[in-house]
Amino acid sequence: MREFFRLLKEGNKPALLAAIMNAAIALIKAIAYFITGNVAMFAELMHSLGDTANQVFVFIGSALSKKAPTERFPEGFARLVNLVLLGAVIIVGILAYETVKEGIHHIIEPAEAKSWFWLNIGVLGAAAILESTVLYKAMKEIAAGMEGEHVKGLQVVTASFKNIGNAKPATKLVFLEDLVATTGALIAIISIVIGTYTPFHNAEGYASIIIGCMLFYVVGRIFLDNAAGVLGVADEEMEESIGKLVIEDPHVRDIQKLMVVKEGEERHVELKVEFDPSMSIARASEILERIEKKILLVKGVTDVIIESDIDDNIPHWKAGNQRNQEE
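Counting along the sequence shown from 1, when you hit position 28 you're at 28 in the UniProt record's numbering, and nothing is skipped either side.
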């Protein structure tokens, strides 16, 4: 149990913050629903409760993925976060289905103008502000992961979208969920205004369908990313970066093999370089050790398997074309 609590300290912080924030939002929506009896507010309440449960699982999964290898699991638990996220998308998928179904129901049987208009608007407005706070925290973490770049202020927004593909799995889920939640709250506010002050009373139904489709996009994106993570997908962008780092060494004649594999939040590197045939074994070992230390300084890399061979005078490494040559 002590180890479990120690691992929780290493869990994904944006996921924990998102879980706490969504729990608070769910409580506010629950109070509003019990006062107004508004069906749309009930749907939003279910959405926030689902997000809360989802992000709790993500936080725990990201923490347990840091557990050290054991005799039974010698490869470690890095991919556990991908498995947890595959389970998490089931919750999001159910929410998406219920949201679309509720939207269709409202279109078929549109409700009349709602009472407690300002309470509904106020609650959804507060939810949008709180969700956007969590979203910005996730954006900052994603932007902070960009190599060689320091961004701040509004630049964080554009940088996070630019670097979303390289974000940690748990952070990416929080980012996508809160992006949908923030946008969805704004769409819901607009639909309530339209449904209240115009004859278009089924506006909320169309808004629910739009939000549901956005959630389905999150399901698809997270499922594909984490299914690949469970299988062990190559990180081609990092391969390119590490390849440039290695080939810059004046003693390296060529890179015969380079592979970077994603496992959860970790990156595993396998490398085979070519040296001058006249180089001594002791000198080659010294250079290999120096290269290994450089690679381990790259953010996300946890282990390196590196070996050498004599230069065969056949070019193997070409930036951006290594994988194509191997295939």
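For glycine and all other residues, C-beta sits at the position ideal for the given N, C-alpha and C.
Between the C-alpha atoms of D311 and F275 there is a straight-line separation of about 5 Å. Rounded to whole angstroms, N120 and A32 show a C-alpha spacing of 7 Å. Secondary structure of A227 (DSSP, three-state): helix. D51 carries a helical assignment under DSSP once its states are collapsed to helix, strand and coil.
The beta carbons of P14 and T171 sit about 5 Å from each other, so the pair counts as a contact at 8 Å. Burial check for W317: the Cβ neighbour count within 10 Å reaches 16 or more, so the residue is buried.
Excluding the 5 residues flanking it on each side, M238 has same chain C-beta neighbours closer than 7 Å at V260 and R267, in chain order. With contact defined as three or more Cβ pairs closer than 8 Å, the region 165-185 and the region 69-80 are not in contact.
Every unbroken stretch of the alpha helix (DSSP H) spanning 4 or more residues and falling wholly within the region 210-278 is given here in chain order: 236-247. The residues L271, L288, I291 and E292, in chain order, have a CB closer than 7 Å to that of I306 in the same chain once the five nearest residues on each side in sequence are set aside.
For the pair of segments examined, the region 20-35 was found to touch the region 43-51: the number of CB pairs separated by less than 8 Å reaches three.
In this structure, the straight-line span from the alpha carbon of V157 to that of L176 is close to 13 Å. Residue pairing from DSSP places E307 in a beta bridge opposite K272. With 16 or more neighbouring CB atoms inside 10 Å of its own CB, I192 falls in the buried class. The continuous alpha helix (DSSP H) containing F175 extends over residues P169 to Y197.
Between L154 and V218, the C-beta gap is not smaller than 9 Å, which leaves the two residues out of contact.
With the rule of 3 Cβ pairs closer than 8 Å, the region 92-102 counts as touching the region 49-68. Runs of the alpha helix (DSSP H) lying entirely within the region 47-135 and spanning at least 4 residues, in chain order: 80-108.
In this chain, the alpha helix (DSSP H) harbouring V157 covers Q155 to N163. Take V233, set aside five residues on each side of it, and the residues of its chain with a beta-carbon closer than 8 Å to its own are V261 and K262, in chain order.
Secondary structure note for I20: its alpha helix (DSSP H) is the uninterrupted segment K13 to T36. Counting along the chain, the unbroken alpha helix (DSSP H) around K294 starts and ends at I281 to L296.
Burial is judged here by how many other beta carbons sit within 10 angstroms of a residue's own beta carbon; A188 has at least 16 and is buried.
The beta carbon of I142 sits closer than 7 Å to those of S160, N163, I164, A167, T171 and F175, all from its chain and outside the five residues before and after it, given in chain order. Scanning its chain for C-beta atoms nearer than 6 Å, with the 5 sequence neighbours on each side dropped, one finds around A203 the residues S191, I194 and G195, in chain order.
Rounded to whole angstroms, the separation of the alpha carbons of I209 and A78 is 36 Å. Our two residues, N12 and G103, have alpha carbons roughly 33 Å apart in a direct line.
In this structure, A63 sits away from K140, with a CB-CB distance that is not shorter than 9 Å.
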